[in-house]
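> Below is a structure I'd like to ask you about.
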Amino acid sequence: MSNNKRIFLKKVMTKLKLRYKNNLKSSLNFSSPWQLLVATILSAQAQDKQVNKATVKLFKKYPDVNDYLNLKPSVLFKYIIHIGLYKNKGKNIIAASRYINDNFNLKIPKSIEELTQIPGVGRKTANVVLSGAYNLHYGIAIDTHCITVANRLGLVKTKNPEKIERVLIDNVDINNRKYVSNAFIALGRDTCTARKKYCDRCVLRKICPSSDYKYR
Ligand code: SF4
Numbered sequence: 399m400s401n402n403k404r405i406f407l408k409k410v411m412t413k414l415k416l417r418y419k420n421n422l423k424s425s426l427n428f429s430s431p432w433q434l435l436v437a438t439i440l441s442a443q444a445q446d447k448q449v450n451k452a453t454v455k456l457f458k459k460y461p462d463v464n465d466y467l468n469l470k471p472s473v474l475f476k477y478i479i480h481i482g483l484y485k486n487k488g489k490n491i492i493a494a495s496r497y498i499n500d501n502f503n504l505k506i507p508k509s510i511e512e513l514t515q516i517p518g519v520g521r522k523t524a525n526v527v528l529s530g531a532y533n534l535h536y537g538i539a540i541d542t543h544c545i546t547v548a549n550r551l552g553l554v555k556t557k558n559p560e561k562i563e564r565v566l567i568d569n570v571d572i573n574n575r576k577y578v579s580n581a582f583i584a585l586g587r588d589t590c591t592a593r594k595k596y597c598d599r600c601v602l603r604k605i606c607p608s609s610d611y612k613y614r
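Under this note's numbering, the first residue of the sequence shown carries the number 399, and numbering increases by one thereafter.
Written as structure tokens, this is what we have:
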């Protein structure tokens, strides 16, 4: 079965890369690993567009990790007030800057183990930072879109992100590892949404086991 999954995923990725060729990078704006870390923390349960709108002003005024060490939460909140859960996220960002100062000499670490020690940083955020800022693809960031798509494609029968990540790591060929997360996210946003699947316009409709349009 694993071999079948590998062959299937290769076909899936060929079709998705063709369909979403301009959309295979994170749409969050950043110009340093720290900025990507902040943007990714802010993006949980929020739209990337909304995050970019906030960070354009935030990063202009406070670009670097050391700018946040003594930043008052109330000042940071003003920049991110339109993003859901902004108070928690803002507190985590300030705590993260202090942790990075105390433990990593103000450098954003390059391993999942170290990144996930930082307040507000889970495995998904760590994978996004490693991939987007350092071009390191040890893991695969799994968000809600990836969960929906992986289940509909019959790759997994679980909502557990770590189990899904494991299956993808084991079966996506190494050249596609850096694309799979954003490809699944793009498909999950416009075609295979959690609420409704639009199989009639999906590039995977002929090979997907959940397709309603396989033979049309
Ligand atoms: S064919 Fe349908 S169920 Fe399968 S990935 Fe596409 S939209 Fe989702």
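Glycine included, C-beta positions come from ideal geometry on N, C-alpha and C.
Look up residue 470 in the DSSP assignment and say whether it is helix, strand or coil.
Within the sequence shown, numbered from 1, the residue matching residue 470 stands at position 72. It is coil, neither helix nor strand.
> Just checking residue 608 against the ligand GDP - is the residue's beta carbon closer than 6 Å to any of the ligand's heavy atoms?
The ligand content of the structure shown is limited to the ligand SF4, which means the ligand GDP is not among them.
> Taking C-alpha atoms, which residue in 425, 564, 451, 502 lies nearest to residue 479?
Position 81 of the sequence shown, counting from 1, holds the residue named residue 479. The option with the nearest alpha carbon to residue 479 is 451.
> Quick one: what's residue 595 bridged to in DSSP?
Counting from 1 along the sequence shown, the entry for residue 595 is found at position 197. According to DSSP, which records beta bridges pairwise, residue 595 is partnered with 590.
> May I ask you to report which of helix, strand or coil DSSP gives residue 436?
By 1-based counting over the sequence shown, the position of residue 436 is 38. If DSSP states are grouped into helix, strand and coil, residue 436 belongs with the helices.
> According to DSSP, is residue 453 helix, strand or coil?
What you label residue 453 is simply residue 55 of the sequence shown in a count that begins at 1. Helix.
> Cutting at 7 Å between CB atoms, please list the residues of its own chain near residue 428, excluding the five before and the five after it.
Taking the first residue of the sequence shown as 1, we reach residue 428 at position 30. 434, 437.
> Inspect the beta-carbon positions of residue 492 and residue 463 and report whether they are closer than 7 Å.
What you label residue 492 is simply residue 94 of the sequence shown in a count that begins at 1. What you label residue 463 is simply residue 65 of the sequence shown in a count that begins at 1. No.
> Can you give the Cα-Cα distance for residue 405 and residue 556, rounded to whole angstroms?
Here residue 405 refers to the residue found at position 7 of the sequence shown. Here residue 556 refers to the residue found at position 158 of the sequence shown. Cα-Cα distance, rounded: 21 Å.
> Of the residues 488, 585, 583, 482, which one's Cα is nearest the Cα of residue 474?
Here residue 474 refers to the residue found at position 76 when the sequence shown is read from its first residue. Checking every option, the nearest Cα to that of residue 474 belongs to 488.
> Where residue 423 and residue 581 are concerned, what is the direct C-alpha to C-alpha distance, given to the nearest angstrom?
To locate residue 423, count along the sequence shown from 1; it is residue 25. To locate residue 581, count along the sequence shown from 1; it is residue 183. Rounded to the nearest angstrom, the two C-alpha atoms are 9 Å apart.
> Short check: CB of residue 600 to CB of residue 589, under 7 Å?
Taking the first residue of the sequence shown as position 1, residue 600 is located at position 202. Taking the first residue of the sequence shown as position 1, residue 589 is located at position 191. Contact: yes.
> Would you say the stretch 518-534 touches the stretch 545-553, given that touching needs at least three Cβ pairs under 8 Å?
The stretch 518-534, when compared against the stretch 545-553, does not touch it at the 8 Å Cβ threshold.
> Under 6 Å: does the beta carbon of residue 575 sit that close to some heavy atom of the ligand SF4?
Position 177 of the sequence shown, counted from the first residue, corresponds to residue 575. Residue 575 Cβ: outside cutoff for every heavy atom of the ligand SF4.
> If you draw a straight line from the alpha carbon of residue 520 to that of residue 592, how long is it in whole angstroms?
Position 122 of the sequence shown, counted from the start, is the residue given in the question as residue 520. Position 194 of the sequence shown, counted from the start, is the residue given in the question as residue 592. Answer to the nearest angstrom: the Cα atoms are 22 Å apart.
> Consult DSSP for residue 603 and reduce its assignment to one of helix, strand or coil.
Position 205 of the sequence shown, counted from the first residue, corresponds to residue 603. Looking at residue 603 - three-state DSSP - the assignment turns out to be coil, as it is neither helix nor strand.
> What residues in its chain sit with their C-beta under 6 Å from that of residue 444, if we drop five residues either side in the sequence?
The residue you call residue 444 lines up with position 46 of the sequence shown. The residues are 481, 482.
> Hey, residue 510 and residue 536 are a contact pair by Cβ (cut 8 Å); roughly how many whole angstroms apart?
For this step, residue 510 is matched to residue 112 along the sequence shown. For this step, residue 536 is matched to residue 138 along the sequence shown. Sure, about 6 Å apart at Cβ, within 8 Å.
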